[in-house]
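Read the structure below first, then the notes.
Protein chains: 2
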Amino acid sequence: MTTAKRTNPDRPDRLVLIGDTAIRLLVERGMRGLTHRAVDEGAGLPPGSTSYYARTRAALLEVALARMTVLEAGEFAPALADGESPAALPDDLMGIADLVAAIVDAAIRDGRDQKIARYELALEATRRPELRTVYDEAGAVFRGAAVGMLAVLGSRAPERHGRFLVAWCEGVMFDAIAGAGWATPPSRAEIRLGVIELLSGMLADATPRPPARPFGNASTSDMGDSPDRS
Amino acid sequence: MTTAKRTNPDRPDRLVLIGDTAIRLLVERGMRGLTHRAVDEGAGLPPGSTSYYARTRAALLEVALARMTVLEAGEFAPALADGESPAALPDDLMGIADLVAAIVDAAIRDGRDQKIARYELALEATRRPELRTVYDEAGAVFRGAAVGMLAVLGSRAPERHGRFLVAWCEGVMFDAIAGAGWATPPSRAEIRLGVIELLSGMLADATPRPPARPFGNASTSDMGDSPDRS
DNA sequence: AATCGACCACTACAGCCGTAGAGAAAACTG
DNA sequence: CAGTTTTCTCTACGGCTGTAGTGGTCGATT
Numbered sequence: 001m002t003t004a005k006r007t008n009p010d011r012p013d014r015l016v017l018i019g020d021t022a023i024r025l026l027v028e029r030g031m032r033g034l035t036h037r038a039v040d041e042g043a044g045l046p047p048g049s050t051s052y053y054a055r056t057r058a059a060l061l062e063v064a065l066a067r068m069t070v071l072e073a074g075e076f077a078p079a080l081a082d083g084e085s086p087a088a089l090p091d092d093l094m095g096i097a098d099l100v101a102a103i104v105d106a107a108i109r110d111g112r113d114q115k116i117a118r119y120e121l122a123l124e125a126t127r128r129p130e131l132r133t134v135y136d137e138a139g140a141v142f143r144g145a146a147v148g149m150l151a152v153l154g155s156r157a158p159e160r161h162g163r164f165l166v167a168w169c170e171g172v173m174f175d176a177i178a179g180a181g182w183a184t185p186p187s188r189a190e191i192r193l194g195v196i197e198l199l200s201g202m203l204a205d206a207t208p209r210p211p212a213r214p215f216g217n218a219s220t221s222d223m224g225d226s227p228d229r230s
Numbered sequence: 231m232t233t234a235k236r237t238n239p240d241r242p243d244r245l246v247l248i249g250d251t252a253i254r255l256l257v258e259r260g261m262r263g264l265t266h267r268a269v270d271e272g273a274g275l276p277p278g279s280t281s282y283y284a285r286t287r288a289a290l291l292e293v294a295l296a297r298m299t300v301l302e303a304g305e306f307a308p309a310l311a312d313g314e315s316p317a318a319l320p321d322d323l324m325g326i327a328d329l330v331a332a333i334v335d336a337a338i339r340d341g342r343d344q345k346i347a348r349y350e351l352a353l354e355a356t357r358r359p360e361l362r363t364v365y366d367e368a369g370a371v372f373r374g375a376a377v378g379m380l381a382v383l384g385s386r387a388p389e390r391h392g393r394f395l396v397a398w399c400e401g402v403m404f405d406a407i408a409g410a411g412w413a414t415p416p417s418r419a420e421i422r423l424g425v426i427e428l429l430s431g432m433l434a435d436a437t438p439r440p441p442a443r444p445f446g447n448a449s450t451s452d453m454g455d456s457p458d459r460s
């Protein structure tokens with residue numbers, strides 16, 4: 001429907017090259033620097049190619065966003081679940097703090113460009129509903145994992161706590177990457193401390209012993225994955 | 231030095247009109263929609279006016295950012311300090327939670343446009359050092375207040391805690407405004423709960439009785455928890 | 001009162017933008 | 001190997017963008 005002409009999997013199509021270049025341009029020059037011709041040039045493609053694969057500008061943005069979703073999914077795959085078993089997630093506070101700190105620290109240090117491009121597209125999605133959809137789906141996965149972890153820890157409000165945990169991470173990352181704290185980003189140890197404090201505040205009145213079953217009792221429906229999924 | 235021709239206070243100059251219009255365009259159409267001619271049109275000025283007051287595009291961005299700094303300062307003035315007495319800030323956990331929740335809630339609900347423009351400029355500042363400066367100063371004020379409040383509450387690491395409190399707020403706001411949680415922003419009560427949990431987690435090992443002296447305007451020097459640079 | 005200088009409106013121009021379409025090249029079919 | 005369809009390259013065009021410059025208006029100065 002959008003513009004992706006060929007989804008043939010046996011050719012790693014120019015679309016991913018165009019998407020990667022678009023993301024790079026977004027980071028280096030912002031929304032104003034992302035143009036069809038700039039992508040052609042930046043990707044070493046013959047002039048007009050981008051204009052052919054993404055006829056309109058909206059289509060070009062969708063290509064970039066789609067590519068970014070793929071990249072981000074691949075980024076969290078090793079951390080969240082190697083196969084698709086969420087049981088690989090840690091189930092104690094310290095383990096979760098380690099994991100979260102590792103993810104945030106990595107995002108600040110190595111994933112800076114990724115994040116800037118994401119913010120740029122998030123802002124654009126403010127004005128383009130068609131981007132919003134894709135964007136939200138990606139976020140739901142992340143949040144689902146957080147809700148699941150909070151549930152395992154015995155939180156009495158895993159939905160809200162998971163959401164605020166994600167928000168905390170997002171805020172720390174934004175501050176360190178694009179905010180006023182860019183000059184002195186927090187160390188990984190500081191992040192870890194922060195996560196521990198946040199979680200222990202949330203769990204002050206948690207059920208004393210976390211339930212034995214992996215995940216599964218969040219207030220609303222989706223929240224992550226059921227224990228067994230085919 | 232930048233481009234502000236006239237800082238004469240007795241004429242509320244076209245510069246503020248231009249700045250306001252630039253901010254509005256930033257929100258409605260993004261960076262790509264902010265052009266000299268669009269500002270002329272949007273502000274009802276004769277064509278060429280914006281191009282005269284802000285000869286280059288960089289100058290136009292600075293006008294917008296300067297105006298936004300003023301607007302934001304005016305926004306927090308009633309909440310933070312009417313004169314400049316920080317003693318008006320609450321000094322107990324619940325009072326602070328109320329204040330923070332009120333600020334964040336207001337930002338999400340009434341200050342959405344303000345925030346979007348701010349994010350847009352923050353991203354641009356990633357690539358323009360001259361914007362960075364102004365931007366950071368505004369953030370420092372906010373963070374300073376947070377550090378002060380945490381110090382009053384007896385935090386053992388007010389620098390870090392204040393910073394993470396601000397980051398938490400920033401994350402909640404971003405999520406609700408431009409992030410995946412835009413559809414269901416948290417209620418003010420939920421935000422309040424979140425702040426209380428965050429603060430109580432930070433203050434688990436706080437000094438039992440908070441010090442009596444009001445603040446101390448912790449800029450960067452004194453109370454860092456880690457051996458950091460000054 | 002004439003001059004002068006600041007302030008401002010308007011126009012010009014070179015360059016880049018999104019997008020469309022015509023035609024070349026390649027791939028596929030028989 | 002001829003024909004046909006798909007995939008791509010290249011060029012064109014109207015419109016918008018940043019920015020500089022030119023001349024006009026108006027108040028202040030002497």
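Here the protein sequences line up with chains A and B, keeping their order. Our numbering puts the first residue of the first sequence at 1, with every later residue one more than the last. Our numbering puts the first residue of the second sequence at 231, with every later residue one more than the last. Glycine residues also receive a C-beta, built at the ideal position from the N, C-alpha and C atoms. All values reported here derive from a predicted model rather than from experimental measurement.
Which of helix, strand or coil does DSSP assign to A/G42?
Against the first sequence, residue 42 of chain A aligns to sequence position 42. Looking at A/G42 - three-state DSSP - the assignment turns out to be helix.
What's the gap between the Cα of B/D312 and the Cα of B/L319?
Position 82 of the second sequence, counted from the first residue, corresponds to residue 312 of chain B. Position 89 of the second sequence, counted from the first residue, corresponds to residue 319 of chain B. Since pLDDT at B/D312 reaches only 46, below the 50 mark, its modelled position is unreliable, and the value read off the structure follows with that caveat. Each residue's alpha carbon lies about 10 Å from the other.
Between B/A387 and B/A397, what straight-line distance do the alpha-carbon atoms span, to the nearest angstrom?
Mapped onto the second sequence, residue 387 of chain B falls at position 157. Mapped onto the second sequence, residue 397 of chain B falls at position 167. One C-alpha to the other measures close to 15 Å.
Does the Cβ-Cβ distance between A/L131 and A/E62 come in under 9 Å?
For the purposes of this step, residue 131 of chain A is identified with residue 131 of the first sequence, where counting begins at 1. For the purposes of this step, residue 62 of chain A is identified with residue 62 of the first sequence, where counting begins at 1. Yes; because the gap between Cβ atoms is below 9 Å, this pair is in contact.
With H, G and I counted as helix, E and B as strand and the rest as coil, what does DSSP make of A/L153?
Taking the first sequence and counting its residues from 1, the one referred to as residue 153 of chain A is at position 153. Here A/L153 sits in coil by DSSP.
Can you name, in chain order, every residue of its own chain whose Cβ lies under 6 Å from the Cβ of A/S51, other than the five neighbours on each side?
For this step, residue 51 of chain A is matched to residue 51 along the first sequence. Counting only residues of its own chain and dropping the five nearest sequence neighbours on each side, A/S51 has a CB closer than 6 Å to the CB of H36.
A/R209 CB to nearest chain B CB: under 9 Å?
In the first sequence, counting from the first residue as 1, residue 209 of chain A sits at position 209. Bear in mind that a pLDDT of 49 at A/R209, under 50, signals an unreliable position, so the model cannot answer this.
For a test of your reading of the model: does the CB of A/D20 fall under 8 Å from any non-hydrogen atom of the ligand NAP? Yes or no.
With respect to the ligand NAP, the structure shown offers nothing to examine, as it has no ligands at all.
In angstroms with no decimal places, state the Cα-to-Cα distance between A/E159 and B/I333.
The count along the first sequence starts at 1 and reaches residue 159 of chain A at position 159. The count along the second sequence starts at 1 and reaches residue 333 of chain B at position 103. The straight-line gap from Cα to Cα measures roughly 23 Å.
What does B/D366 touch in chain A if you count any residue whose Cβ is under 7 Å from its own?
Mapped onto the second sequence, residue 366 of chain B falls at position 136. Going along chain A in sequence order, the residues near B/D366 (Cβ under 7 Å) are A180.
Grouping DSSP H, G and I as helix and E and B as strand, with all else coil, what is B/G249?
Taking the second sequence and counting its residues from 1, one reaches residue 249 of chain B at position 19. Collapsing the DSSP output to three states places B/G249 in a helix.
Would you grab the beta carbon distance between A/A58 and A/L17 for me? Rounded to a whole angstrom, and I think it's under 8 Å.
If you number the first sequence from 1, residue 58 of chain A lands on position 58. If you number the first sequence from 1, residue 17 of chain A lands on position 17. 20 Å between Cβ atoms; not a contact.
Looking at the C-beta of A/A122, does it have a partner C-beta in chain B at a distance below 9 Å?
As a first step, residue 122 of chain A must be located in the first sequence, where it is residue number 122. Yes, A/A122 lies at the interface with chain B (some Cβ there is under 9 Å from its Cβ).
Chain B contact for A/E197 (CB, 9 Å cutoff)
Here the question's residue 197 of chain A lines up with position 197 in the first sequence. Output row for A/E197: interface = yes.
In chain B, what lies closer than 7 Å to A/G30 by C-beta?
Taking the first residue of the first sequence as 1, we reach residue 30 of chain A at position 30. Per Cβ cutoff of 7 Å: M261, L353, E354, R357.
What did DSSP end up calling A/A64 once you bin it into helix, strand or coil?
Position 64 of the first sequence holds residue 64 of chain A. A/A64 falls in the helix class under three-state DSSP.
Under a Cβ-count criterion, where at least 16 other Cβ atoms within 10 Å of its own Cβ denotes burial, should B/M324 be classed as buried or exposed?
The sequence position of residue 324 of chain B within the second sequence is 94, counting from 1. So B/M324 counts as exposed.
C-alpha distance - B/A368 paired with A/R14, whole-angstrom precision
Position 138 of the second sequence holds residue 368 of chain B. Position 14 of the first sequence holds residue 14 of chain A. C-alpha separation (whole angstroms): 43 Å.
Using beta-carbon positions only, say whether B/G431 and A/L198 come within less than 9 Å of one another.
Counting from 1 along the second sequence, the entry for residue 431 of chain B is found at position 201. Counting from 1 along the first sequence, the entry for residue 198 of chain A is found at position 198. Yes, Cβ-Cβ distance for B/G431 and A/L198 is below 9 Å.
Using C-beta distances below 8 Å, list every residue in its chain close to B/I326, excluding the 5 sequence neighbours before and after it, in chain order.
Numbered from 1 along the second sequence, position 96 holds the residue referred to as residue 326 of chain B. Apart from the 5 residues on each side of it in sequence, B/I326 sits with its Cβ closer than 8 Å to the Cβ of L319, P320, M379, L383, V425, L429 in its chain, given in chain order.
Hey, quick one: how far does the alpha helix (DSSP H) through A/L198 stretch, first residue to last?
Position 198 of the first sequence, counting from 1, holds the residue named residue 198 of chain A. 188-202 is the span of the alpha helix (DSSP H), which, as asked, contains A/L198.
Contact criterion: CB-CB distance below 9 Å. Does A/M202 meet it with respect to chain B?
Residue 202 of chain A sits at position 202 when you count from the first residue of the first sequence. At least one chain B Cβ lies under 9 Å of A/M202.
Collapsed DSSP secondary structure at A/S123 in the structure displayed:
Counting from 1 along the first sequence, the entry for residue 123 of chain A is found at position 123. Note that residue 123 of chain A corresponds to Leu in the displayed sequence, not to Ser. It is helical.
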